[in-house]
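Taking it in order: structure first as structure tokens, then the write-up.
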Amino acid sequence: MIHQYLMNGRHIVLDVYSGSIHVTDPMAYAAIGYLEKGLSREEVLQKLKVEFPESTEQDFLDCFSDIDELIESKKLFTKDNYAPLAGKLKSHSGNVIKALCLLVAHSCNLACSYCFASQGHYHGESGLMSFETGKRALDFLIENSGTRRNLEVDFFGGEPLVNFQVCKDLVAYARSIEKEKGKNFRFTLTTNGVGLTEEIMDWANEECHNVVLSLDGRKEVNDRFRVDRKGKGSYDQIVPKFQRFVEKRGDKEYYMRGTFSHFNTDFTEDIAHMADELGFKELSMEPVVLKPGEPSALTEEDLPILYEQYEKLALDLLRRKKAGDPVTFYHYMVDLDRGPCIYKRISGCGSGTEYMAVSAQGELYPCHQFVSDKEYKLGDIWNGITKEEAREEFRNTNVYTREDCGKCWAKLYCAGGCAANAYHSTGDIAGTYEYGCKLFRKRMECAIMMKVEESLMEQG
Amino acid sequence: MKHIITLSTRDLEKSVEHGGCGECQTACKGIANQNCENENN
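Taken in order, these protein sequences are the chains called A and B. If you read the first sequence in the numbering used here, its first letter stands for residue 696, the second for the next number, and so on. If you read the second sequence in the numbering used here, its first letter stands for residue 1201, the second for the next number, and so on.
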């Protein structure tokens, strides 16, 4: 399977199963397209002669020679040899768990109207995770991590800083045992910024591998949704804190994480605002996921605007890089040489198998977006997995079991997409959230185009 | 004249043998954005 597209004046060909990326001239682009459609060499040659009347016989021969060379080296029209691997994934990963999302607070000091966790309390009672519960969660993670060395824990909520002392104590506990256990804990923090203090910033900069800072961009955009309990916007309160946090963070990883909705489909303006006016360089803007019909939900009519915005963003990021002032957009960060292996590309994020969420009460769920859904309560950190059939359902779901992914060229880049989005939009974790797929494909086209431009720049 | 330029990319077929160690990281809350952390690959 191949995927061909034109962007920024480039003719780009992606060979899906080898992962190879080619940039071609118009003749080779046309020839590859005809061959993919099943035309014979002679038929392709006749078509090329009509389309490229100025070209010589030698040009056509050279073009076919280039194509043959790629086919020979398994970089074009590669067959799918990975389908049988999908069935082996189950035995490949065993029952290993290597990452937990700790919901240390089912409460929040903001009341964002688009929050999937119903303003932080997850459709239930507010509550904070105790140190004892958190400690048991870390022990549970170690006990179930097998030979994995890198273990990840995200402090999440609600707003985790509402329960900062427990976060701090849990990290201290993990650090006290990780050497003895032969593990390497990597902590991340996702925060709305309201509770940030100098002490917390210093702690996070010392202990957190990455921090995810929630800000939607321009003041009027951010303050439409990200409001406190009295309805007051949070922008003026959190921006100075985030700027101070990032300044103190130095070279360590962070991401400004925004959400865009039907009300700001011009989200590149929010990215530009965060980069140029606020000084943030590591950015992530995500499309809101809501039920269709909700006022801020993205619509089919928004799609052409969003596609144009993603292309505009890619070109702007290239411009910034050329000017020596680069900005990172999370979804355009694709390392072609050091990207994920085929197992990861087939199996996905690991939710429900190697990645789970722990509620403040110690219940286990497939990920943070399933918390409070009793159908998907997997067990708890004291008794382990008690609903084995739910874990099996996640384990048996991969890019080859999702029917909609079969003909999609991007499947080995998204690994079948987000199970929670699929579940909430189709009622089935093996379904696909088609709107998200459309945006993902566009983002990948843009990211690959950027790689093409960067590669050609390097080659002079 | 070259009609096609091929970018350097990870050989997915080779990763069948060497991949799957699970040490890579599990921003947005995009598999493509992840990097392999196995130095042997």
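Where a beta carbon is used, it is the ideal one built from N, C-alpha and C, also for glycine. Source: prediction; values computed, not measured.
Item                                                                                                                                                                                    : Value
Relative to the C-alpha of S715 (chain A), which candidate in A:P748, A:I766 and A:D754 has its C-alpha closest?                                                                        : A:I766
With burial defined as no fewer than 16 other Cβ atoms inside 10 Å of the residue's Cβ, what is the status of L701 (chain A): buried or exposed?                                        : exposed
Note down, in chain order, each residue of its chain lying with its Cβ closer than 8 Å to the Cβ of N804 (chain A), except the 5 sequence neighbours on either side.                    : E854, V857, N887, V889, G890, D923 and R924
For G728 (chain A), I'd like the list of residues in its chain whose CB is within less than 7 Å of its CB, leaving aside the five on either flank, ordered along the chain.             : Q699
Going by beta-carbon coordinates alone, are A1125 (chain A) and Y1027 (chain A) separated by less than 7 Å?                                                                             : no
If we ignore side chains and look at the alpha-carbon of each, how far apart do K1137 (chain A) and S1208 (chain B) end up?                                                             : 22 Å
Where do the N-terminal and C-terminal ends of the beta strand (DSSP E) with L1059 (chain A) fall, by residue?                                                                          : E1058 to Y1060
At a CB-CB cut-off below 9 Å, which residues of chain B make contact with S713 (chain A)?                                                                                               : T1209, D1211, L1212 and E1213
In this structure, how does DSSP classify V983 (chain A) when only helix, strand and coil are distinguished?                                                                            : coil
Which residues in the same chain have their Cβ closer than 7 Å to the Cβ of E995 (chain A), if we skip the five residues on either side of it in sequence?                              : none
When we look at the beta-carbon of E1148 (chain A) and count the other beta-carbons within 10 Å, is it buried (16 or more) or exposed?                                                  : buried
With H, G and I counted as helix, E and B as strand and the rest as coil, what does DSSP make of C903 (chain A)?                                                                        : strand
So does the segment 817-829 of chain A actually touch the segment 768-779 of chain A, counting three or more Cβ pairs closer than 8 Å?                                                  : no
In whole angstroms, what separates the C-alpha of Y817 (chain A) from that of G1111 (chain A)?                                                                                          : 26 Å
For V906 (chain A), which residues from the same chain have a beta carbon less than 6 Å from its beta carbon, with the 5 sequence-adjacent residues on both sides left out?             : L884, A899 and Y949
Cutting at 6 Å between CB atoms, please list the residues of its own chain near A970 (chain A), excluding the five before and the five after it.                                        : V1022
State the CB to CB distance for the pair G1131 (chain A) and C1113 (chain A), rounded to an integer number of angstroms; the pair is presumed to be in contact (CB under 8 Å).          : 7 Å
Given a limit of 8 Å on CB to CB distance, which residues of the segment 745-758 of chain A reach chain B?                                                                              : D754, D757 and C758
Pull up the CB-CB distance for S991 (chain A) and G819 (chain A), whole angstroms please, since I reckon it's below 8 Å.                                                                : The Cβ separation is near 24 Å, so there is no contact.
Which residue's Cα is closest to the Cα of L756 (chain A): A:Y1095, A:K732 and A:A726?                                                                                                  : A:A726
Any idea which residues DSSP pairs M1028 (chain A) with across the strands?                                                                                                             : Partner(s): none; M1028 (chain A) has no beta bridge.
Leaving aside the five residues before and after I1037 (chain A) along the sequence, list all residues of the same chain whose C-beta is less than 7 Å from its C-beta, in chain order. : Y777 and L780
Mind listing the chain B neighbours of G1034 (chain A)? Cutoff is C-beta to C-beta under 8 Å, in chain order.                                                                           : T1209, R1210, A1232, Q1234, N1235 and C1236
What residue range is occupied by the uninterrupted beta strand (DSSP E) comprising A992 (chain A)?                                                                                     : Premise fails: A992 (chain A) is in no beta strand (DSSP E) and is neither H nor E.
Measure the Cβ-Cβ separation of V711 (chain A) and T719 (chain A) and say whether it is below 7 Å.                                                                                      : no
List the residues that DSSP assigns as beta-bridge partners of Q699 (chain A).                                                                                                          : A:V708
So which residues on chain B does H717 (chain A) lean against when the C-beta distance must stay under 9 Å?                                                                             : I1204, I1205, T1206 and L1207
Looking at E737 (chain A): is its Cβ nearer than 7 Å to the Cβ of I697 (chain A)?                                                                                                       : no
If I follow the unbroken alpha helix (DSSP H) through G1131 (chain A), where does it start and stop?                                                                                    : E1129 to Q1154
Does any residue of chain B bring its CB to less than 7 Å from the CB of I966 (chain A)?                                                                                                : no
Drop a sphere of 10 angstroms on the beta-carbon of M1233 (chain A), count the other beta-carbons inside from all chains shown, and report buried for 16 or more, exposed for fewer.    : Because chain A is modelled from 696 through 1155, residue 1233 (chain A) falls outside the range shown and cannot be assessed.
What does a CB cutoff of less than 6 Å around L1107 (chain A) pick up in its chain, not counting 5 residues either side in sequence?                                                    : R1040
Under 7 Å Cβ-Cβ, which residues of chain B neighbour G843 (chain A)?                                                                                                                    : Just to set this straight, residue 843 (chain A) is Arg in the shown sequence, not Gly. Residues of chain B passing the Cβ test: G1222 and E1223.
Who are the neighbours of L1031 (chain A) on chain B, taking C-beta pairs under 7 Å?                                                                                                    : L1207, S1208, T1209 and R1210
At which residues does the beta strand (DSSP E) containing F882 (chain A) begin and terminate?                                                                                          : N879 to T886
Scan the segment 1123-1151 of chain A for residues whose Cβ lies nearer than 9 Å to a Cβ of chain B and list them as they occur along the chain.                                        : F1135, R1138, M1139, A1142, I1143, K1146, V1147, S1150 and L1151
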